[in-house]
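Numbering (my numbering), first residue to last: 1 to 93.
Remarks on the structure that follows.
This is the structure in structure tokens:
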């Protein structure tokens with residue numbers, strides 16, 4: 001799924017959601033994005049619910065740590081996913 005997301009991110013951006021079922025490639029893109037969203041949602045939820053915070057030095061953990069700080073502005077789960085997908089698409093190409 002990650003390979004499809006990183007290589008076909010532009011299809012997701014330019015093809016309307018109703019058209020993502022028209023061809024096999026479009027269906028694969030839709031499925032890959034759905035799978036990655038479910039995976040990332042579970043990962044975010046698990047890390048936010050975890051009482052024991054492991055020290056990690058990766059971009060995803062840094063984003064979650066910044067969101068957990070005492071800041072008044074918090075990102076929603078969908079915003080965290082969108083930010084991570086942005087990084088994946090930039091780094092994947």
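Glycine included, every Cβ here is placed at the ideal spot set by N, Cα and C.
From a predicted model like this one, the values you see are computed outputs, not experimental measurements.
CB-CB under 7 Å to residue 29, same chain, minus the five flanking residues each way: which ones, in chain order?
4, 8, 11, 12 and 20
What residues in its chain sit with their C-beta under 7 Å from that of residue 41, if we drop five residues either side in the sequence?
77 and 81
Could you check the C-alpha separation between residue 83 and residue 23 for me, to the nearest Å?
27 Å
For residue 2 and residue 34, the rounded distance between their alpha carbons:
11 Å
Work out the CA separation of residue 32 and residue 64 for me, nearest whole Å.
23 Å
Express the C-alpha separation of residue 17 and residue 46 in angstroms, rounding to a whole number.
29 Å
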